[in-house]
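As structure tokens, the structure follows; a few thoughts come after it.
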């Protein structure tokens, strides 16, 4: 699927045609200016050198760019804020990067039908604040929510801390406006919560990382704003016990809004920098939250606490108020950042059936020990979605090679346990070579057939998602 | 996409090859025996004359059938129990119908991870009963749930009475085993609730009505079994007031498990045959249910009752116990059947944004009056999903023509109000000609491109879903 970079003459002709067709388009070509837009949060991935970086201000401008790109055979890399962790937004050699952050309008908040229609450039947190003014709630909240765009969230089918109860980005998408590879503009759905006309194109474009079309507008489903959360932290003297607690919470029919796990290594790193007064000697901590409201929330946390104590929690504490809860949640949100203080932290993203959490944690520990790689583990245990984070020594010349071996062993263990190599951070660049191992060659052939059907020239985000 | 029927010689050669390859396959070719498998619940649709009807007993048998069908250019019509309301399962001329009800094993109930893996032939209600033994719950419950198969539910992305709170079939599918048009077998997902490896093929196959592949196994997500439901009925002296109540319930942040509307015409028909003691003079009735449990459920119904009274409910009654609740729910479930007693009832299936319910009900009434067609309206008001049901006189030679005009006017009104022509009963046969009007020609072209990529010979369920 990867297009060869366009020849310099082709690129120059394309840029000239683009300037001609869209004289007011913001278009950067000076390498000093395009540099900040080459990267996402995977600084180790070595992005390509783009032909240029364009900032379209409307769907119509995107259409013009796509048509000209097709005519000149120049590939396109659509992107949002670049907070992705799998390289989905990194530049490709000779491609034009399309930064869609300018399409950041919130077109309509329909309180009656609990919908919002917006451009892909709006920040997740901004959307959340705006709909909250109407008593409404957009659940998906990746850790990057303050700085990531809805378009990026859609491209990667982002998850977050509330997925146990509320699901992922795809679950909230009712309709997309998409510019196809030939410049045609389609709408995939509508404003109703049930709709069975034709194939579900909406779900296909969500998570397709800009390889099938460019999302220029989305209609998202909202919920009534839930009550403030109550927060519980439970500490364990073994990771296995914490894993058992996760399973026990589910077994008892408790569906908290958040059920996060932090291992000892990550907990120490968090405590070292945030000084929250957490037990630095615990082997694992769970953070469990309820937004059931009032007494129901207290009862839900009582039930969760009982499940934790039944599986060996050594201590349990509750946030006294919303401020303290925010402060404790910060411990989890900043886990990656805290680990960064211990070296270069490379965050991974795997998923296993919930019951396999103790097993995968044990395997990760064993694999890390065998290869001499320190690995912090934290993540959305309630979904079986964990983020093993590899701490690398900047001065170790063999680090990348060892890490590659560690990742391969972890991925094989994940697949053996019935899990997924990518839970919520996307397939992107590094995991596409694993796609056939997880899905099987025939399923990957179907994906290639769909890609070829929708983007026969292969101009949309080459080198991403598909092997 | 419609294949021409195979020539008789081709059909005979295919059947001979099939008998040769699968001597133990149950294969009917006598028209008297194939007759009952030509139909679904759309008896007015005039199915084709099939080449034969096969009952494969395993995925391997499906693969063999599909490969031979491809080699001989014979189309295939996969189907379940035939309870569909859009003709998705009706026979095609010269095609082999594949009845998948024999693939009815429940392979595994994984209580720890709240999953069930089963064949497509298992009945929805049977699945529900079996997982309930483990304290688990499969939410999607189309009205046909006692007699419809999971495979049929998947093919049509079936809804039901619990969708307001729990969503539709697609929301519960984690993984599918699919036999493709070339006989390859793929798995689309896995056993984890989050998974972003590659494109979302799972959602693409759900709702594709057997036109992209044949589903031979599914892994479905379950929830903890909720407490017994509490049931409230509210009566109104105008449909508009009932529609306002639906909007008010949502506005107050109440998410009942069920929020059903029945109009006066349907209510009278139900009361006439079921004699439940419902107010036969009301202009509309809402049925609202809560499964929040104990006091929370009572509080939820209190809040719903307040919303109904604030919007003009003339009376409200609550089921005294679970038996009475079941009995009242029966009123809604048997609405279609009750209308059948008044003549030939043709049930339709539209969706509008919730706020447009009063408007679409008014339009339906006006259109029916203008054309002299009696129309009962009931349905899942909480989702904006209504089932206008046309009462036809068997002896009226112009009935079909008038009905066609009425449907066209209703569909145009639905689209004008931002709705969908098909909410939960599938696109099937009669609505495919409306697909481009709803989605636009470019989106339909994408669907055709996907169909051509996955089924280049067009052998899978020709004449369904796509125009």
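Residue numbers (the numbering used here), protein chains in the order written: chain A, -2 to 464; chain B, -2 to 464. Cβ atoms here follow ideal geometry from the backbone N, Cα and C, with glycine treated the same way.
Chain-ordered neighbours of residue i on chain A, where CB pairs are closer than 7 Å
i: residue 451 (chain B); result: 443 and 446
i: residue 478 (chain B); result: Past the edges of chain B, shown from -2 to 464, lies residue 478 (chain B), and the structure says nothing about it.
i: residue 141 (chain B); result: Those do not exist, as residue 141 (chain B) stays about 15 Å from chain A at its closest Cβ, beyond 7 Å.
Residue i CB to nearest heavy atom of the ligand ADP below 7 Å
i: residue 175 (chain A); result: Absence of the ligand ADP from the depicted structure is noted, as is the absence of any ligand whatsoever, leaving it without description.
Whole-number beta carbon distance between residue j and residue i, since they are thought to touch under 8 Å
i: residue 343 (chain A); j: residue 386 (chain A); result: 7 Å
i: residue 224 (chain B); j: residue 301 (chain B); result: No, residue 224 (chain B) and residue 301 (chain B) are not in contact; Cβ-Cβ is about 17 Å, not under 8 Å.
i: residue 482 (chain A); j: residue 103 (chain A); result: With chain A covering -2 to 464 only, the question about residue 482 (chain A) has no answer from this structure.
i: residue 348 (chain B); j: residue 420 (chain B); result: 4 Å
i: residue 446 (chain A); j: residue 451 (chain B); result: 6 Å
i: residue 457 (chain B); j: residue 388 (chain B); result: Between residue 388 (chain B) and residue 457 (chain B) the Cβ distance is about 36 Å, and since that is not below 8 Å, they are no contact.
Contacts that residue i makes with chain A (C-beta to C-beta distance below 8 Å)
i: residue 160 (chain B); result: 190 and 191
i: residue 421 (chain B); result: 191 and 193
i: residue 248 (chain B); result: 108 and 109
Chain B residues whose Cβ lies nearer than 7 Å to that of residue i
i: residue 284 (chain A); result: Correct list: empty, because the minimum Cβ distance to chain B is about 18 Å.
i: residue 165 (chain A); result: 191
i: residue 150 (chain A); result: None at all; the shortest Cβ gap to chain B is about 12 Å.
i: residue 350 (chain A); result: 110, 188 and 189
i: residue 183 (chain A); result: 437, 439, 440 and 443
Sequence-distant residues of the same chain with beta carbon closer than 7 Å to residue i, five excluded per side
i: residue 280 (chain A); result: 233, 234, 235, 236 and 261
i: residue 454 (chain A); result: 67, 70 and 178
i: residue 431 (chain B); result: 408 and 418
i: residue 368 (chain B); result: 399, 402 and 403
i: residue 118 (chain A); result: 77, 97, 98, 99, 100, 101, 146 and 148
i: residue 365 (chain B); result: 371, 372 and 403
i: residue 464 (chain B); result: 429, 430, 432, 433 and 441
Residues of its chain near residue i, where Cβ-Cβ distance is below 6 Å and the 5 sequence neighbours each way are ignored
i: residue 355 (chain A); result: 237 and 240
i: residue 83 (chain B); result: 422, 423 and 425
i: residue 338 (chain A); result: 270
i: residue 276 (chain A); result: 232
i: residue 478 (chain B); result: Here chain B covers residues -2 to 464 and nothing more, so residue 478 (chain B) does not appear.
i: residue 350 (chain A); result: 381 and 415
i: residue 171 (chain B); result: 186, 216 and 218
i: residue 312 (chain B); result: 232
Proximal chain A residues relative to residue i, where beta-carbon distance stays under 9 Å
i: residue 455 (chain B); result: Result: empty, since nearest Cβ-Cβ is about 15 Å, beyond 9 Å.
i: residue 67 (chain B); result: The premise fails here: residue 67 (chain B) is roughly 15 Å from chain A at the closest Cβ pair, so nothing lies under 9 Å.
i: residue 37 (chain B); result: Here the premise fails: no neighbours, minimum Cβ distance about 15 Å.
Interface partners of residue i on chain B, CB under 8 Å
i: residue 417 (chain A); result: 187, 189, 191, 192, 193 and 194
i: residue 430 (chain A); result: What residue 430 (chain A) touches in chain B: nothing, since even the nearest Cβ is about 12 Å away.
i: residue 427 (chain A); result: In chain order: nothing, as chain B lies at least about 12 Å away.
i: residue 28 (chain A); result: Going along chain B, no residue has its Cβ under 8 Å from residue 28 (chain A), so there is no contact; the nearest lies around 32 Å.
i: residue 153 (chain A); result: 193
Beta-carbon proximity list for residue i, same chain, < 8 Å, skipping 5 on both sides
i: residue 294 (chain B); result: 224, 226, 227, 287 and 288
i: residue 16 (chain A); result: 22 and 24
i: residue 113 (chain A); result: 103, 105, 106, 107, 124, 127, 128, 133, 135, 216, 217 and 219
i: residue 448 (chain A); result: -2, 208, 209, 455 and 463
Where residue i meets chain B, residues with beta-carbon distance less than 9 Å
i: residue 380 (chain A); result: 189, 190 and 191
i: residue 221 (chain A); result: 247, 248, 249, 250, 251 and 252
Original post:
Should the segment 159 to 167 of chain B be called in touch with the segment 196 to 212 of chain B, which here means at least 3 C-beta pairs below 8 Å?
Top reply: yes
Original post:
Unbroken beta strand (DSSP E) runs of length 3 or more, entirely within the segment 110 to 169 of chain B: which are they?
Top reply: 112 to 115
Subject >> Inter-stretch contact (C-beta, 8 Å, three-pair minimum) for the segment 150 to 161 of chain B and the segment 174 to 193 of chain B >> reply: no
Original post:
Does the pairing of the segment 75 to 88 of chain B with the segment 29 to 38 of chain B give three or more beta-carbon distances under 8 Å?
Top reply: yes
Original post:
Does the count of Cβ pairs from the segment 245 to 262 of chain B and the segment 316 to 324 of chain B closer than 8 Å reach three?
Top reply: no
Original post:
If you pair each beta-carbon of the segment 427 to 443 of chain B with each one of the segment 50 to 58 of chain B, do three or more pairs fall below 8 Å?
Top reply: no
Subject >> Segments assigned alpha helix (DSSP H), at least 4 residues, entirely inside the segment 278 to 329 of chain A >> reply: 291 to 307
Subject >> Residue ranges of each alpha helix (DSSP H) within the segment 328 to 386 of chain B, 4 or longer >> reply: 332 to 337 and 354 to 368
Original post:
Does the segment 223 to 231 of chain B come within contact of the segment 286 to 300 of chain B, defined as at least 3 CB pairs closer than 8 Å?
Top reply: yes
Original post:
Quick one: any contact between the segment 187 to 202 of chain A and the segment 377 to 386 of chain B, if contact means 3 or more CB pairs under 8 Å?
Top reply: yes
Original post:
Residue ranges of each beta strand (DSSP E) run of no fewer than 3 residues wholly in the segment 52 to 108 of chain B, ordered along the chain?
Top reply: 73 to 76, 93 to 96 and 103 to 107
Original post:
Would the segment 392 to 409 of chain B and the segment 112 to 131 of chain B be scored as touching if the rule is three or more Cβ pairs under 8 Å?
Top reply: no
Original post:
Three or more beta-carbon pairs under 8 Å between the segment 251 to 259 of chain B and the segment 325 to 333 of chain B, yes or no?
Top reply: yes
Original post:
Can we say the segment 5 to 14 of chain B touches the segment 45 to 52 of chain B, given the rule of at least three CB pairs closer than 8 Å?
Top reply: yes
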